[in-house]
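Sequential numbering from 1 applies to the sequence shown in UniProt numbering.
Please read the structure below before turning to the comments.
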Amino acid sequence: MAGEGAKVARPSEEKGREREGELSEEQEEGEIARDGSAEPPVSCRDARPHPLEHSWTFWFDNPSAKSKQAAWGSSIRPVHTFATVEDFWSLYNNIRQPSKLVVGADFHCFKYKIEPKWEDPVCANGGKWTISCSRGKSDTFWLHTLLAMIGEQFDYGDEICGAVVSVRGKQEKIALWTKNAADETAQLSIGRQWKEFLDCKDTIGFMFHDDAKKLDKAAKNRYTV
Numbered sequence: 001m002a003g004e005g006a007k008v009a010r011p012s013e014e015k016g017r018e019r020e021g022e023l024s025e026e027q028e029e030g031e032i033a034r035d036g037s038a039e040p041p042v043s044c045r046d047a048r049p050h051p052l053e054h055s056w057t058f059w060f061d062n063p064s065a066k067s068k069q070a071a072w073g074s075s076i077r078p079v080h081t082f083a084t085v086e087d088f089w090s091l092y093n094n095i096r097q098p099s100k101l102v103v104g105a106d107f108h109c110f111k112y113k114i115e116p117k118w119e120d121p122v123c124a125n126g127g128k129w130t131i132s133c134s135r136g137k138s139d140t141f142w143l144h145t146l147l148a149m150i151g152e153q154f155d156y157g158d159e160i161c162g163a164v165v166s167v168r169g170k171q172e173k174i175a176l177w178t179k180n181a182a183d184e185t186a187q188l189s190i191g192r193q194w195k196e197f198l199d200c201k202d203t204i205g206f207m208f209h210d211d212a213k214k215l216d217k218a219a220k221n222r223y224t225v
């Protein structure tokens, strides 16, 4: 569970909370605002920081930096690493939300030292749960996913590598990456809990990274909940 004293609001507690601190037009997508104007919620303001159980890194994949010739993942770059509740809110309140990102952008949040790539040793034997949603829901789903992850709300939290939100033309996709795809018990538990945290009624599927690498678009879900 999260480190002693650390408290991140459960996803259900965040519904209805208004967001602040979007990037200015001059800032690049995914960059952090430097004016310090945004503050974490009042409940997080304390003289002492509240450490999280794990450190996490935000990564951004800029569509303007992508090219058809470039290797997959070559345009992904780290944005910032955080290790406390306060650092998370300070960062979150100063970056664009998914609904404000340009089409083609990908925003990742992964445990420190795990890269959001199939080739990463921790991710290599894993897979991902994926939820598709409209832009109207993507901001809420993304925030609730982040809070569930960093707040250690999953029973199999050690299985989780991170999450990614992908902005596409027709809809957004949010994926939850895990370590051991073959551990069906753990993956089904994670998928069910994730749906519960998001109050999602749709059926979602889990795909092995290995299947995706070998079969590309022909890959099928191995688990569904």
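Positions of the beta carbon are idealized from the N, C-alpha and C atoms, including for glycine.
Just the Cα atoms here: how many angstroms apart are residue i and residue j?
i	j	result
ALA175	ILE131	6 Å
ASP210	ALA181	9 Å
PRO121	ALA219	21 Å
HIS108	HIS54	16 Å
PHE110	TRP59	8 Å
TYR112	ASP202	31 Å
ASP216	PRO49	44 Å
SER134	ALA148	20 Å
ASN221	ALA47	47 Å
LEU91	ILE160	21 Å
VAL79	PHE208	27 Å
residue 235	PHE141	This structure gives no information on residue 235, because the portion of the chain shown stretches from 1 to 225.
LEU146	PHE88	10 Å
TRP194	LYS173	14 Å
ILE95	ASP183	35 Å
SER189	LYS179	14 Å
GLU196	GLN171	21 Å
GLN187	THR81	26 Å
GLY136	SER75	27 Å
ASN93	GLN153	22 Å
Give the single residue among the options whose Cα lies nearest to the Cα of residue i.
i	options	result
ASN62	ARG77, LEU52 and GLU53	ARG77
LYS214	ALA124, GLY191, GLY136 and LYS195	ALA124
CYS200	LYS179, ASP216, LEU52 and TRP129	TRP129
GLU119	ILE95, TRP177 and THR140	TRP177
SER138	HIS80, ILE160, ASP106 and GLN153	ASP106
ARG192	ASP155, LYS179, GLU172 and LYS170	ASP155
ALA83	LYS170, LEU188 and LEU52	LEU52
THR57	GLN171, ILE95, ILE114 and ASN93	ILE114
Could you check whether residue j and residue i sit closer than 8 Å to each other, using their CB atoms as the reference points?
i	j	result
VAL164	PRO98	no
GLY127	PHE206	yes
THR224	ILE204	yes
ARG168	VAL103	yes
HIS144	LEU198	yes
GLY151	PRO116	no
Give the DSSP-derived three-state secondary structure of residue i in the structure shown.
i	result
THR203	coil
PRO78	strand
ALA50	Here the sequence assigns His to residue 50, which means Ala is not the residue at that position. It is coil, neither helix nor strand.
VAL167	strand
GLU152	coil
ALA181	coil
ALA219	coil
Give a yes or no on whether the minimum CB-CB distance between residue i and chain D is below 8 Å.
i	result
GLY104	No chain D appears in the structure shown, which is made up of a single protein chain.
Within 7 Å: the Cβ of residue i and any heavy atom of the ligand SAM?
i	result
PRO116	Because no ligand of any kind appears in the structure shown, any question about the ligand SAM cannot be addressed here.
field: beta strand (DSSP E) runs wholly inside the region 73-149, at least 3 long, in chain order
entry: Within the region 73-149, the complete beta strand (DSSP E) segments of 3 residues or longer fall at 76-84, 106-111 and 127-133, listed in chain order.
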